[in-house]
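Q:
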Amino acid sequence: MMRVSAILAGASALALGAVPAQADELRDAVAADMPALVTLYQDLHANPELSFQEVETAKKLAARARALGFEVTEGVGKTGVVAVMKNGAGPTVMLRADMDGLPVIEQTGLPYASKRRAVPATGIETGVMHACGHDTHMTAWIGTAQQLAARKDQWSGTLVMILQPAEEIGEGAKAMLDDGLYTRFPKPDYVLAFHDAAQAPAGMIGYSKGFALANVDSVDVVVPGVGGHGAYPHTTKDPIVIAANIVTRLQTLISRERDPLEPAVITVGSFQAGSKHNIIPDEARLQITVRSYKDETRQQLLEGIARIAKGEALAAGMPEDKLPRVTVQDPYTPATYNTPEFTDKVMSGLKTRFEGRVFEVPSVMGGEDFSQFYRADRENVESLIFWVGGVRAGEWEKSQKGEITLPSLHSPFWAPDAPVVIATATEAMTAATLDLMKK
Ligand SMILES: [Zn+2]
Ligand SMILES: [Zn+2]
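Position one of the sequence shown corresponds to residue 779 (the numbering used here), numbered consecutively onward.
(1) Rounded to a whole number of angstroms, what is the C-alpha to C-alpha distance between Asn993 and Ala953?
(2) Buried or exposed: Asp876, going by 16 or more other Cβ atoms within 10 Å of its Cβ?
(3) Do the segment 997–1010 and the segment 1136–1148 touch if we need at least three Cβ pairs shorter than 8 Å?
(4) Go ahead and pull the three-state DSSP assignment for His915.
(5) Tell me whether Arg1076 sits in a helix, a strand or coil according to DSSP, three-state version.
(6) Leaving out five residues before and five after Glu1160 in sequence, what residues of the same chain have Cβ atoms less than 6 Å from its Cβ?
(7) Where does Gly1134 sit, in a helix, a strand or coil, going by DSSP?
(8) Would you say the segment 979–987 touches the segment 1056–1064, given that touching needs at least three Cβ pairs under 8 Å?
(9) Since Phe1164 is in the beta strand (DSSP E), which residue starts that stretch and which ends it?
(10) Which residues bound the beta strand (DSSP E) around Ser1044?
(11) Given that a residue counts as buried once 16 or more other Cβ atoms are within 10 Å of its Cβ, and exposed if not, what is Arg781?
(12) Can you give me the Cβ contacts of Leu828 inside the same chain, cut-off strictly under 7 Å, excluding the 5 residues immediately before and after it?
(13) Whole-angstrom Cβ separation of Thr922 and Thr1208, contact assumed at under 8 Å?
(14) Looking only at its own chain, which residues have a Cβ that is under 7 Å from the Cβ of Pro1197, when we skip the five neighbours before and after it?
(15) Using a Cβ-Cβ cutoff of less than 6 Å, which residues in the same chain neighbour Asp1213 once the five nearest sequence positions on both sides are dropped?
(16) Which class does Asn1023 belong to by DSSP, given the choice of helix, strand or coil?
(17) Please list the terminal residues of the continuous alpha helix (DSSP H) segment that includes Val938.
(18) When the Cα atoms are used, what is the spatial distance from Gly788 to Gly847?
(19) Taking buried to mean at least 16 other C-beta atoms within 10 Å of its own C-beta, is Gly795 buried or exposed?
(20) At 3 residues or longer, and completely inside the segment 1083–1127: list those beta strand (DSSP E) runs for me, N to C.
(21) Can you tell which of Ala1021, Met939, Leu959, Lys1015 has its C-alpha closest to the C-alpha of Ile1086?
(22) If you follow the alpha helix (DSSP H) that Thr1013 is part of, which residue opens it and which one closes it?
(23) How many Å lie between Met1215 and Thr1130 at the Cα?
(24) Measure the CB-CB distance between Gly853 and Gly950 and report whether it falls below 8 Å.
(25) Could you please give me the residues that DSSP links to Glu903 through a beta bridge?
(26) Just how far apart, CA to CA, sit Ala1094 and Trp1165?
(27) Would you mind reading off the limits of the beta strand (DSSP E) that contains Phe1151?
(28) In whole angstroms, what is the alpha-carbon distance linking Glu1205 and Val1019?
(29) Give the DSSP-derived three-state secondary structure of Val797 in the structure shown.
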């Protein structure tokens, strides 16, 4: 998942990292589990695996779920895990954690920092790091499984806990659904997950109602030209000039064509062409990220990109058989929608439990394939993903004074206050599930 910006900006009045000292049986039980959970976290952190390579991770956690009494199936959507616990009549609740690390060389200097290396899809070996904090998600997933397994007398229904592969490449959720997540296993009424947040103090909970994260499309544009000598441009069709015009005009899709009240982003992240001062190349290449919330906005932007690419080439005099080739990566990451009623229900419970620590925050233009679980059956599935802040108290204070800049998610320096994230998330996920499945 991408960075969370400006989350909980108004939360400065809080006793950061402090947990209210009120007697609470669930909170005490989670606290008792924490030493073992921190050990598990450090092991997961030291041993990250890349997308669709989460073999050891899945095996390790599947064994733990099995030991807790779940019926566990491995290898769902390549490396995914589904753990089911049936406990009488009632709703089906699905809890999701994602498992993959990133091709990042860790630079936190932590004693349990990852030294792992692996080969991603690019084919070039790299370091691997849990730079998005999915290790906190998995640890809290186990923490929650432990609490719910120990409290079977307090809930009724079917609990489906899943470990999803390959969130970072946006393919894991779809892979699990395509492999029968909703047909081979009980289909959920409610789907719940959390993500750690690198721009919020540890122990804070943030949520957005409705659209929370964006549609993410990757678009490639290959712009043919007619190459030649740089001194004789009139004998060529310069693809750099055509592509440069495309880049500029694409911004009018945002500024002139899109409804200003509909958020959207077009960023040309890569522009490549040519090899030497005095040669006009015969091709230019653009790589573009396109972000939106509504399906209609997405469609409008993608059609606009194709139209502008073609139009600029025609304007430059390129023939019909040498027009730009526009490719939209498939699958894309669809926008994440937190169904409003369900969001209100869960958050009103959490606001009571975590008094002063739960805030509604602006949605972001990052993406999450958690969205797929809702989109697979919008009529019958309600879903919510919320944030759990992970910035250490001292660092948060310094950042508020402008003394340091906080690393974002995916940074080689991102080192969340893992015990606080895990304890908060375990308690929140357990409490929310117990509330949904109350006897
Ligand atoms: Zn990520
Ligand atoms: Zn993530």
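Backbone N, C-alpha and C fix where the C-beta goes; we use that ideal spot for every residue, glycine too. Since we're looking at a predicted model, the values are computed, not measured.
A: Walking through what the data contain:
(1) 18 Å
(2) buried
(3) no
(4) helix
(5) helix
(6) Tyr968, Thr1117, Phe1120
(7) coil
(8) no
(9) 1160–1169
(10) Here the sequence assigns Ile to residue 1044, which means Ser is not the residue at that position. In the DSSP assignment, Ile1044 falls within the beta strand (DSSP E) that extends over 1042–1051.
(11) The predicted position of Arg781 is uncertain, since its pLDDT is 42 and thus under 50; no value can be drawn from it.
(12) Spatial neighbours of Leu828 in its own chain (CB-CB distance under 7 Å, excluding positions within 5 residues in sequence) are listed in chain order as Asp878, Gly879, Pro881, Ala896, Pro898, Val906.
(13) 5 Å
(14) Met812, Val816
(15) Gly1127
(16) Asn1023: helix per DSSP, three-state reduction.
(17) Note, Val938: premise wrong, no alpha helix (DSSP H); beta strand (DSSP E) at 935–942.
(18) Any reading at Gly788 must be qualified, since the residue scores a pLDDT of 44, below 50, and its modelled position is unreliable; the value itself is stated next. Straight-line Cα distance between these residues: approximately 42 Å.
(19) Caution is warranted here: a pLDDT of 44 is assigned to Gly795, below 50, making its placement in the model unreliable, and the coordinate value is therefore given only provisionally. Under a 10 Å Cβ-count criterion, Gly795 is classified as buried, with 16 or more other Cβ atoms of the shown protein chains found around its own Cβ.
(20) 1103–1106, 1114–1116
(21) Of the residues Ala1021, Met939, Leu959, Lys1015, the one whose Cα lies closest to the Cα of Ile1086 is Ala1021.
(22) First-last for Thr1013: undefined, no H or E at that position.
(23) 18 Å
(24) no
(25) Beta-bridge pairing by DSSP links Glu903 to no other residue.
(26) 48 Å
(27) From DSSP, Phe1151 is part of no beta strand (DSSP E) but of the alpha helix (DSSP H) over 1149–1153.
(28) 57 Å
(29) Low local confidence applies: a pLDDT of 49 at Val797 is under 50, so the model's placement there is unreliable, and no value is given.
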